[in-house]
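Visitor: Provided herewith is a single structure, encoded as structure tokens, for subsequent inquiry.
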Amino acid sequence: MRLVRPAGRRPASMAFAAVAAAALVAASVAGGAQAAPPASTATALYLVQTVSEPVANYAGGVSGYAATRPAAGERVDAHSAASKKWRDRLRGEHDAALRGARVDTAKKSYDYGVTFNGFSARLTAAEVARLRADSGVLRVWKSEQLTADTITTRDFLGLTGSGGVWSKQFGGDSHAGEGVIVGIIDSGIWAENPSFAALPSPRPDQRVINKKWKGVCDAGVEQPIACNNKLIGARYFHDDANVNDAEFLSPRDYNGHGSHTASTSAGNSGVTASINGGVVGTVSGVAPAARIAAYKVLWHNPVAGNSSGGTADIVAAIDAAVADGVDVINYSISGSSQYVVDPAEIAFLNAAAAGVFVSASAGNSGDTIGVSSVAHNSPWLTTVAASTHDRGNTKTVTLGNGATYTGVGVGVAAGPATLIDSTNAGLAGADQNLVNLCYLGTLDPAKVTGKIVLCDRGGNARVEKSAAVAQAGGIGMIQANTSAAQSLNADFHSVPSIHLDAASGAAVTAYVASDANPTASISAVSTDPVRAPAMAGFSSYGPALAGNGDLLKPDITGPGVDVIAAVSPAASGGNHFNSLSGTSMSAPHIAGVAALIKSKNPKWSPMWIKSAMMTTATTKDNTGAPIQWSQGDATPLNYGSGHVVPGSAFDPGLVYDSTPEQWLQYACGIGQLQLITEPEFCASVGSIDPSDLNYPSIAVGDVPGAQTVTRRVTNISKNSSVYTAQVKAPAGFTVKVEPKTLTVPPGKSKTFKVTITRTTAAAGTWAFGSLTWSDLRNHKVTSPIAVRYSALAAPVEATGTGTSGSTTLSLRTGYAGTLTTAVGGLTAASVSNLAFAGPNPTFTPMESDSVKKVTVTVPAGTAVARFSTFDADVPMGTDVDVFVYPAGNTSSQVASSTGGTAQESVTLTEGSYDVYVHLFAASGAVTMPGNAWVVPNTAAGNLTATPATQTAAVNGPATVTATWTGLTAGVRYLGVLAYGNGSSPVGQTVLSVNG
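In the working numbering, the protein residues as written are 735 to 1729.
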């Protein structure tokens, strides 16, 4: 099916709309013809993307319509006469598509046109099929549900004091961030919180704000809010939301997440905060004089205990925020770890092109999924990891045997008192799994009253565990991690508590089990500053799956652990402030810093601001030692360029700039545009090696012996300077920079090349270094270098179709000698027909009407094992997710695939697994084939690779042709091309063939 219909050389901006569909294509795009839609009147909310450029990227070319794309360094004016005229044309395009598909135009939910060209509507499967056949429609896909992923942080970031950013750059906190509007796309806002109280009037920046602000304050229907000169705008989006009875049909925040992120980025300065009745200090946003506009897209889910929102609503909010005139957007919402594009990401591409800086959370899967869990891998976003800050929170617990263990917590002491393990404290008849985790209503007061309770982390919220202890009459809690990767959090609990790491927790558990009368005492908190930053255990990290590690993500880290800020009293026990942790908390710190930089430098582009923060970040903690994580010294895969240093970012000297056209070429270079466009499309717009994107960091995920990357720097200072290169080469590599010196006049750019050559580095292991350009004006422009030697640079995946055929693969060798190629498979899929009675948006790992289980065993020596589902097997609009657990154990998830369609895939290693397939969305009952492959490392006789042996050279080219025969039509096959050097393996390509 043709999703994009290029005619000659299409303007690069046209392709921006096309990119979005890539997020909906799974790892294997072989899938056969789309099943015919059922004759059903059931509807679902869909996004429909049409062919023209949105306002933010329309560069002209249509007779009678002037260009609306802003010049470099300028903001888009979505309310100009030209923009309004173009929007009218786009609306006509949308209505024509609906009429052509015999759909009433009144069915539109949203009409997009600023950062995304298209509309959303509730459609039947038949209407969707007719729209997809329209030549003016690029893509139709179902709206996907996404979820939400400071007392001393202002001091820790160097904002306060006579030498701090607020004083040095703005003359005080009262002016820090003036002239800037921060848009918060989140769960709404609690407008009455003093963090959002009106600023003193008259405002010195009011003329600047009046010129750019075109938004509204939509008070809402239920519990309406009022705006002021601090909270200048508010909207809410709920066409794809299940608004429960507890929620507010208005911008008012129920969950508290949005209020927290808003106040962290741009809340008022010096606001007194109280939690559980006690004053904990004063809080301040990073940019306290900036204005705030709140866009509610996340709605509280009482079952899941989080907030979530639909793609259709999120894209509408991005479109509105850019049109309203925001300068910065904070987006603390989940995203894809596999693709650089989805509907939200592509809207953000156009937002960045229109001059809006976007800060996005990296994700909270570092302690579960771990490696390559980082989300939001688009180069036009700033992706933010989470780390600790230096607020003192140390506590100790002393056991009856005299042993003392150190952890974190807040508040007063408890004990000495009897210590009981929660596993022995349950009510009769209570679910033992819930008892073990201290769920509310599961602990027996007869066993707990007057005691300190030991609870394992996991399952329910950390603070719910102490609430369960208090409910049962306990006087204290010891919370123990169950994994070394988990973070420590000083939460505000219902009883005095301490949070211990896994090793200490195991020791306490062993003591309780071995002592007939165990006791414990929990100390009061020590508020002495602590060593920081350290990476949070939950913070998702790289290498990024998108691009196979050739773009370093996350970009930067900031405070994201135990951040105190505004919340909603509706869901916080009446508290207006609370301590929260997550990359959701670190992203608004970076958004706030971006607002400060934009306030001082209104003409700086989002990429300049991003580069300024990245190249001035630090990799050291407050003791001068390397930043730590659970496995020792953290690396750029954890923190990108390092921890933000706001004071240095105002004068970076040089910046690394990139353009929307280059972002598009990058997307072609990593093979994602090709998934949704015709072959000539990327040939027309161009393609670059992903490592050559002009980015502030340098990453090469597969160095085949040697590789040269190109960068270009621009002097944004007022003076000409001579910069000299200083290199810290990654272990096992040499790094050569040419030229070694750059003389860069103000406003001018210079290009240089970096050649990275492997010497002794082991294959498959990442190594890290840095390149710093220094001048005599105290500028130090530092880029991290992250590289991985690959004895062979080969495609990770390849595809084919037909009962017989072939495909030729281009490779590059990283050694001198021999390259061998052997095959495993092809193996036909083992198909399980999974009959679902209907969808359910909530997943629980147990079989039900909406969840089915397939057990897959992967023996030792298997070449590759995989489980996949395909769009082609089910009616359009079906959305499934796949979750993998060890067989018989649902306590630890080991893999997942949760895209916005029915096309999902997980790759499995040796072991036995329960694969749960969850029907997230469908028009009714669905039977979904689940495809499992366990491919041995031996040939099945239906696949060959030629040549079997060839000469290899360092950084030398090679080709291998895979040929298959004798396959059964309609059957999906999986195989492996295994490469070796004559004595050991050097890599492999997984081959998917649709017979």
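We put the CB at the ideal spot given by N, CA and C, even for glycine.
Computed from a predicted structure; not experimentally measured.
Cutting at 7 Å between CB atoms, please list the residues of its own chain near residue 1055, excluding the five before and the five after it.
Guide: Closer than 7 Å at the Cβ level, and outside the excluded window around residue 1055, lie 917, 919, 1027, 1029, 1063.
Visitor: Mind checking whether residue 1622 and residue 1648 have CB atoms under 8 Å apart?
Guide: Yes.
Visitor: Run through DSSP, which three-state label would residue 1531 get?
Guide: It is a strand residue.
Visitor: Under 8 Å, do residue 1332 and residue 1289 count as touching if we go by C-beta distance?
Guide: Taking 8 Å as the Cβ cut-off, residue 1332 and residue 1289 do not qualify as a contacting pair.
Visitor: Helix, strand or coil, according to DSSP, for residue 1152 in the structure here?
Guide: Correct three-state label for residue 1152: strand.
Visitor: Rounding to the nearest angstrom, what Cα-Cα distance links residue 759 and residue 1631 in this structure?
Guide: Residue confidence is low: residue 759 scores 27 on pLDDT, short of 50, so the model does not pin down where it sits. No coordinate-derived value is stated.
Visitor: Buried or exposed: residue 979, going by 16 or more other Cβ atoms within 10 Å of its Cβ?
Guide: Residue 979 should be labelled exposed.
Visitor: What's the call for residue 1487, buried or exposed, on a 16-neighbour Cβ count within 10 Å?
Guide: Residue 1487 comes out exposed.
Visitor: Leaving out the 5 sequence neighbours to the left and right, which residues in its chain are closer than 8 Å to residue 934 when beta-carbon positions are compared?
Guide: Once the five neighbours on either side are set aside, the close Cβ partners of residue 934 are 908.
Visitor: Roughly how many angstroms separate the alpha carbons of residue 764 and residue 1555, rounded to a whole number?
Guide: Confidence at residue 764 is low in this model, with a pLDDT of 27, below 50, so its placement is unreliable and no value can be given for it.
Visitor: With distances taken between CB atoms, is the gap from residue 1437 to residue 1287 smaller than 8 Å?
Guide: The answer is no: Cβ separation not under 8 Å.
Visitor: To the nearest angstrom, report how far apart residue 1170 and residue 1529 are at their CA atoms.
Guide: Distance between the alpha carbons of residue 1170 and residue 1529: 46 Å.
Visitor: Exposed or buried, which one is residue 1449 when buried takes at least 16 other CB atoms within 10 Å?
Guide: Counting Cβ neighbours within 10 Å, residue 1449 comes out buried, since at least 16 surround it.
Visitor: Smallest Cα separation from residue 968: which of 1025, 1010, 1017?
Guide: Nearest C-alpha to residue 968: 1025.
Visitor: Just to confirm, are residue 799 and residue 819 a CB contact at a threshold of 8 Å?
Guide: Cβ distance < 8 Å, so residue 799 and residue 819 count as in contact.
Visitor: For residue 1166, count neighbouring C-beta atoms within 10 Å of its own C-beta (all shown protein chains included) and say buried if the count is 16 or more, exposed if not.
Guide: With fewer than 16 Cβ atoms within 10 Å of its Cβ, residue 1166 is classed as exposed.
Visitor: Considering only their Cβ atoms, is the gap separating residue 807 from residue 1337 smaller than 8 Å?
Guide: Against a cut-off of 8 Å, the Cβ pair of residue 807 and residue 1337 comes out as a contact.
Visitor: Give me the Cβ distance between residue 1507 and residue 1562, rounded to the nearest whole Å; I'm assuming they're in contact under 8 Å.
Guide: No, residue 1507 and residue 1562 are not in contact; Cβ-Cβ is about 55 Å, not under 8 Å.
Visitor: If we require 4 or more residues per run, which alpha helix (DSSP H) segments fall completely within the stretch 1657-1682?
Guide: Whole alpha helix (DSSP H) segments, 4+ residues: zero.
Visitor: When you compare only the Cα positions, how much space is there between residue 1694 and residue 1674?
Guide: Going from the Cα of residue 1694 to the Cα of residue 1674 covers about 19 Å.
Visitor: Does residue 1274 pass the burial test, meaning 16 or more other C-beta atoms within 10 Å, or should it be called exposed?
Guide: Looking at its Cβ environment, which holds 16 or more other Cβ atoms inside 10 Å, residue 1274 is buried.
Visitor: Can you check the stretch 1092-1171 for any beta strand (DSSP E) of at least 3 residues that lies completely inside it and give the ranges in chain order?
Guide: Runs found: 1116-1121, 1128-1133, 1138-1142, 1148-1155.
Visitor: CA-CA distance, residue 1390 and residue 1346?
Guide: Computed Cα separation, rounded: 8 Å.
Visitor: Which residues share a DSSP beta bridge with residue 1311?
Guide: Answer is 1300, bridged to residue 1311.
Visitor: Determine, using beta carbons only, whether residue 1213 and residue 1238 come nearer to each other than 8 Å.
Guide: The answer is no: Cβ separation not under 8 Å.
Visitor: Using DSSP with H/G/I as helix, E/B as strand and the rest coil, what is residue 1492?
Guide: Strand.
Visitor: What are the boundary residues of the alpha helix (DSSP H) that includes residue 1323?
Guide: Segment 1317-1334, the alpha helix (DSSP H) holding residue 1323.
Visitor: Would DSSP call residue 686 helix, strand or coil?
Guide: Since the displayed the chain opens at 735 and closes at 1729, residue 686 lies outside it and no answer follows.
Visitor: If I measure Cβ to Cβ from residue 1099 and keep anything under 7 Å in the same chain, skipping five residues before and after, which residues do I get?
Guide: Excluding residues within five positions, the ones whose Cβ falls inside 7 Å are 1107, 1274.
Visitor: Measure the CB-CB distance between residue 1515 and residue 1388 and report whether it falls below 8 Å.
Guide: Yes, the Cβ-Cβ distance between residue 1515 and residue 1388 is below 8 Å.
Visitor: Do residue 1156 and residue 1187 have their beta-carbon atoms positioned less than 8 Å apart in this structure?
Guide: Yes, they are a contact pair.
Visitor: Please give the ranges of any alpha helix (DSSP H) in the stretch 918-959, keeping only runs that are unbroken, at least 4 residues long and fully inside the region.
Guide: Entirely contained in the stretch 918-959, the alpha helix (DSSP H) runs reaching 4 residues are, in chain order, 940-946.
Visitor: Thinking C-beta only, is residue 1352 closer than 8 Å to residue 1376?
Guide: Against a cut-off of 8 Å, the Cβ pair of residue 1352 and residue 1376 comes out as a contact.
Visitor: Between the alpha carbons of residue 961 and residue 927, how many angstroms are there, rounded?
Guide: Rounded to the nearest angstrom, the two C-alpha atoms are 12 Å apart.
Visitor: Put residue 991 into one of helix, strand or coil per three-state DSSP.
Guide: Reduced to three states, the DSSP call for residue 991 is helix.
Visitor: Is residue 1664 near residue 1568, with beta carbons less than 8 Å apart?
Guide: Their beta carbons are under 8 Å apart, which means residue 1664 touches residue 1568 by this criterion.
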